[in-house]
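Below is one structure, written out as structure tokens, with a few remarks after it.
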Amino acid sequence: MSARPATGLRAGTGHRRPAVGQYAGDRRRAWPYPRTTLGAAAAGAVAVPFLVPPYPLHQVTLVLVYVVALLGLDLVTGHGGLISLGHGAFFGVGAYTAAILLSSGAPYPVTLPAAGLVAYGLGHAFGRPAVRLSGLYLAVVTFAVAVAVPPLIRRLAPGGAMGLPVRTPGAPSFTGLDDDQWVYLLVLAVAAAAFTLMRSVIRSSLGRALVALRADAGAAELLGIHPSATRAHAFAWSAVYAGLAGCLFTWTTGFVAPESFTVTLSITLLAGIVIGGLGTVSGAVIGAVVVTFLPAPGLVSGLALVLVLAVAPHGVTGLVRRAPAFLGRRRP
Amino acid sequence: MVPMLEIGRLTVRFGGVTALDAVGLVVGPGEVVGLIGPNGAGKSTLFDCVTRRRDPDDGVIRFAGQDVLARPPHLVAGTGIARTFQHPAVFPGLSVRENVMTGAHRFGAAGFWRAAFARDGERRLRAHADRVLDLFGLLGLGDHPAAGLPHGVLKRVEIARAVAAEPRLLLLDEPAGGLGPEEALALSGLIRDLHRATGLTVVVVEHHMEFVLGLCGRIVCLDLGQKIADGPTHVVRRDPAVIAACLGAR
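In the order they appear, the protein sequences are chains A and W.
The first sequence begins at 1 in the numbering used here and counts up one residue at a time.
The second sequence begins at 333 in the numbering used here and counts up one residue at a time.
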């Protein structure tokens with residue numbers, strides 16, 4: 001067979017990989033750290049509720065909630081290159097689905113699949129027609145959803161503008177845990193499952209198809225990838241993730257109100273995934289921290305966002321991954 | 333025997349310009365056909381019609397007896413047609429191996445739920461992609477991002493991706509474009525080996541005449557949207573009209 005092409009790269013060696021996220025090559029490295037690190041992180045995450053006082057624990061739980069939402073958003077935005085301004089609304093619909101079921105006496109495990117199912121239906125209903133046109137239309141359609149959902153909730157949902165307080169999942173007595181510890185562990189379990197599923201999906205045919213469509217839809221189509229069906233499917237599942245996250249939000253806070261799910265939430269989620277790093281699973285985790293702790297929209301948070309993007313155009317994950325190469329270059 | 337590709341009266345107009353004027357072409361199974369002609373002769377437009385990127389104004393296209401024009405573009409691959417582009421349309425966000433795996437997309441699971449649990453399928457796709465990469469001498473670059481590779485390698489990656497789809501008809505649009513003489517020779521050897529091993533039907537659009545003369549058993553020449561010659565390589569290369577249209581002009 002023919003000679004190996006002269007590329008200037010030593011094939012098979014671990015050359016520098018400055019590109020990350022949507023520009024990275026081998027996305028098998030969705031979690032680029034060894035298994036032991038992953039195990040340590042898991043052990044640490046399980047230990048958190050026994051080490052951290054209740055209020056910070058509540059915040060850490062919220063971070064995990066947003067991780068689920070951002071994992072979903074990243075499928076569409078990071079990999080698919082489509083902008084969704086409606087994930088806050090899907091989040092809110094999931095949260096309200098859970099809250100209404102809980103307040104009507106349903107056991108809390110039922111609320112999770114219900115929230116996912118409702119979000120899937122909405123995601124399909126709005127995504128399917130929107131993605132046929134182009135990425136910008138999806139942004140506009142989802143923006144319309146984000147604008148329409150809070151007033152609809154105010155009008156139709158029980159509690160109206162005042163919001164709806166619900167009971168949070170209680171720890172079974174045999175565990176001897178506090179309720180907030182139990183909720184944390186529940187949310188952690190869902191987030192871990194969501195994380196694992198998403199990781200294998202982005203490494204699968206579906207993940208590759210989304211990236212291929214973003215790069216060159218015409219060429220991708222000739223390989224047998226149906227552009228609008230693939231994007232609509234990804235969008236619907238992305239909405240499922242947002243809906244599940246909304247349900248987890250209700251479990252965590254025990255209170256939902258229309259004002260929590262305005263278009264600001266959608267934009268904050270989008271900003272979070274961009275700051276964390278598009279197209280990377282760890283970007284979703286960092287983005288979730290940003291979403292949880294970002295101060296209320298205003299001058300300070302706006303300037304902070306601009307500053308972060310100026311320093312780290314590929315998000316925090318990109319910055320961290322490029323750091324070794326950068327420092328190595330400085331060495332004499 | 334049913335021809336692999338059968339094109340009749342294919343006509344494409346861009347405004348007042350006729351890019352293809354009632355072109356007919358029949359390619360038998362296992363043939364390697366060179367499609368030549370000066371720039372603007374309608375060669376790529378013909379490929380675009382066969383792969384459903386462009387709707388012809390008139391004409392029929394049959395692939396192995398099936399009407400191609402009745403299918404949407406994403407189902408063309410399923411019938412067994414694959415193509416490459418003049419400018420390599422490699423996906424920069426994916427690694428070289430993932431690009432080739434995308435070529436085999438139709439063999440994988442694409443639903444979210446099934447994709448999440450498609451470990452075995454992924455392993456098979458990966459092995460399939462690695463076999464194709466090995467064939468093209470690209471195995472060592474499998475994990476490299478497709479962005480930032482030299483043009484010649486990208487050409488090769490794109491052909492590997494098309495081959496990974498296991499087509500019966502392979503349409504190559506200027507595979508040797510931008511390649512050095514050695515690279516072009518190696519590529520031509522590769523395509524010949526592939527053809528010999530699989531009995532694949534190949535149609536090559538190419539300006540590089542040595543490449544075409546060395547590879548193709550038959551040459552079709554287009555000029556200004558019309559077919560001016562069609563026959564065995566040794567005949568067409570001496571055809572005065574062909575020489576005037578493309579060979580002489582070089």
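We put the beta carbon where it would ideally sit given N, CA and C, even for glycine.
Is residue j closer than 8 Å to residue i when the C-beta atoms are compared?
i        : j        : result
A:Val76  : A:Ala271 : no
A:Val211 : A:Gly123 : no
W:Gln558 : W:Asp390 : no
A:Arg208 : W:Glu430 : yes
A:Ile267 : A:Leu85  : yes
A:Gly254 : A:Val93  : no
W:Glu363 : W:Arg550 : yes
A:Ala284 : A:Val67  : yes
W:His483 : W:Ser427 : no
A:Ala130 : A:Val147 : no
W:Gly440 : A:Ser205 : yes
A:Val300 : A:Ile275 : no
W:Ala479 : W:Val432 : no
W:Met336 : W:Leu501 : yes
W:Val544 : W:Ile368 : yes
W:Val536 : W:Leu554 : no
Residue i touches chain W at which residues, Cβ-Cβ below 7 Å?
i        : result
A:Asp216 : Ala421, Phe423
A:Leu223 : Ala409, Thr434, Gly435, His437, Ala497
A:Leu305 : By Cβ distance, chain W contributes nothing, its closest Cβ being about 24 Å from A:Leu305, past 7 Å.
DSSP three-state call for residue i: helix, strand or coil?
i        : result
W:Phe449 : coil
W:Gln418 : coil
W:Leu457 : helix
A:Tyr23  : Its pLDDT being 40, under 50, A:Tyr23 is placed unreliably in this model, and the value from its coordinates should be taken loosely. If DSSP states are grouped into helix, strand and coil, A:Tyr23 belongs with the helices.
W:Ser427 : strand
W:Arg341 : strand
A:Leu244 : helix
W:Gly391 : strand
A:Pro129 : helix
A:Gly287 : helix
A:Gly88  : helix
A:Val190 : helix
W:Arg570 : coil
A:Gly315 : helix
W:Leu502 : strand
A:Gly254 : coil
By alpha-carbon positions, which one of the options ends up nearest to residue i?
i        : options                                : result
W:Glu498 : W:Arg463, W:Ala516, W:Glu454           : W:Arg463
A:Ala119 : A:Gly72, A:Pro107, A:Leu222, A:Gly163  : A:Gly72
W:Ile413 : W:Asp387, W:Val432, W:Thr434, W:Thr383 : W:Thr383
W:Pro583 : W:Leu545, W:Arg385, W:Gly563           : Any property of residue 583 of chain W remains undetermined from this structure, which presents chain W solely from 333 to 582.
W:Val534 : W:Leu556, W:Gly512, W:Val495, W:Leu511 : W:Val495
W:Arg493 : A:Gly224, A:Arg214, A:Phe143, A:Pro151 : A:Gly224
W:Gly583 : W:Arg455, W:Val536, W:Val485, W:Gly549 : Since the first residue of chain W shown is 333 and the last is 582, residue 583 of chain W is not available in this structure.
A:Ala98  : A:Pro107, A:Pro172, A:Thr111, A:Ala89  : A:Thr111
W:Gln398 : W:Thr343, W:Gly410, W:Arg455           : W:Gly410
W:Gln540 : W:Phe449, W:Arg345, W:Val358, W:Asp505 : The displayed chain sequence assigns His, not Gln, to residue 540 of chain W. Selected option, being the one with the closest Cα: W:Asp505.
A:Ser103 : A:Pro165, A:Pro54, A:Tyr137, A:Leu57   : A:Pro165
W:Val344 : W:Leu378, W:Val365, W:Leu367, W:Pro335 : W:Leu378
W:Ala448 : A:Leu305, A:Ala106, A:Ile202           : A:Ile202
A:Thr250 : A:Leu82, A:Leu38, A:Ala115, A:Leu70    : A:Ala115
W:Thr434 : W:Pro361, W:Val552, W:Leu457           : W:Leu457
A:Phe90  : A:Ala161, A:Ile153, A:Ala215, A:Tyr55  : A:Ile153
A:Ala215 : A:Gly80, A:Gly105, A:Pro54, A:Ala257   : A:Gly80
Drop a sphere of 10 angstroms on the beta-carbon of residue i, count the other beta-carbons inside from all chains shown, and report buried for 16 or more, exposed for fewer.
i        : result
W:His566 : exposed
A:Gln181 : buried
A:Val333 : In the structure as shown, chain A starts at 1 and stops at 332, and residue 333 of chain A therefore has no counterpart that could be examined.
A:Trp237 : buried
A:Pro49  : buried
W:Asp525 : exposed
W:Asp387 : exposed
A:Tyr108 : buried
W:Gly531 : exposed
A:Ala339 : The first residue shown for chain A is 1 and the last is 332, placing residue 339 of chain A beyond what the model contains.
At a CB-CB cut-off below 9 Å, which residues of chain W make contact with residue i?
i        : result
A:Ala125 : Per Cβ cutoff of 9 Å: no residues; A:Ala125 is ~17 Å from chain W at best.
A:Leu231 : In the sequence as displayed, the identity of residue 231 of chain A is Arg instead of Leu. Simply none; closest approach about 12 Å.
Could you name the residues of chain A that residue i contacts, counting a contact when the two beta carbons are closer than 9 Å?
i        : result
W:Glu454 : Ser200, Arg203, Ser204, Ser205
W:Thr533 : Those within 9 Å of W:Thr533 in chain A number zero; the least Cβ separation is about 17 Å.
W:Arg385 : Gly218, Glu221, Leu222
Any heavy atom of the ligand HEM within a distance shorter than 7 Å of the CB on residue i?
i        : result
W:Arg463 : You won't find the ligand HEM in this model; it holds no ligand whatsoever.
Find the residues of chain A that neighbour residue i, judging by a C-beta separation of less than 7 Å, and give them in chain order.
i        : result
W:Ala442 : Ser205, Leu206, Ala209, Thr230
W:Phe417 : Ala219
Along chain W, in chain order, which residues have C-beta atoms closer than 8 Å to that of residue i?
i        : result
A:Trp237 : Phe444
Under 8 Å Cβ-Cβ, which residues of chain C neighbour residue i?
i        : result
W:His527 : Given the protein chain composition of this structure (A and W), no chain C is represented.
By the criterion of Cβ-Cβ separation under 8 Å, what are the contact partners of residue i in chain A?
i        : result
W:Ala508 : Chain A residues near W:Ala508: none, gap ~13 Å exceeds 8 Å.
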